[in-house]
Amino acid sequence: MDWNLIFQFTNISRTHATIVYRNGAFAIVDNNATNGTNVNGVAVPAGKERALTGNKTIRLADEEFLFRA
């Protein structure tokens, strides 16, 4: 299952981060983004994965999004 979200923000690249669904759970992976990826205020290290459960605030550069699963 693939979804693509298109944002028109100049500070978020086309490959900033990836949300994956594996084994019944969601996670976000930072794809070495210049402007960073955060989940609930905690940085996701480049190339690493962070679990997304319940209501989480995802910050890509200066933009915030609410993830609900």
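Under numbering that gives the first Met the number 0, the first residue of the sequence shown is numbered 0, with each subsequent residue one higher.
We put the CB at the ideal spot given by N, CA and C, even for glycine.
Tell me the rounded alpha-carbon separation between residue i and residue j.
i	j	result
Gly53	Ala68	5 Å
Lys47	Ile27	8 Å
Phe6	Gly23	26 Å
Val41	Arg49	10 Å
Phe25	Thr36	16 Å
Val43	Tyr20	17 Å
Please identify the residue among the options whose C-alpha is closest to the C-alpha of residue i.
i	options	result
Ile11	Val41, Thr56, Arg49, Ala60	Ala60
Leu65	Val38, Ala45, Ala42, Val19	Val38
Ile57	Gly23, Ile18, Asn22	Ile18
Does the Cβ of residue i have 16 or more other Cβ atoms within 10 Å, making it buried, or fewer, making it exposed?
i	result
Leu51	buried
Thr9	exposed
Measure the beta-carbon distance from residue i to residue j and round it to whole angstroms, keeping in mind my assumption that it falls under 8 Å.
i	j	result
Ala16	Asn30	6 Å
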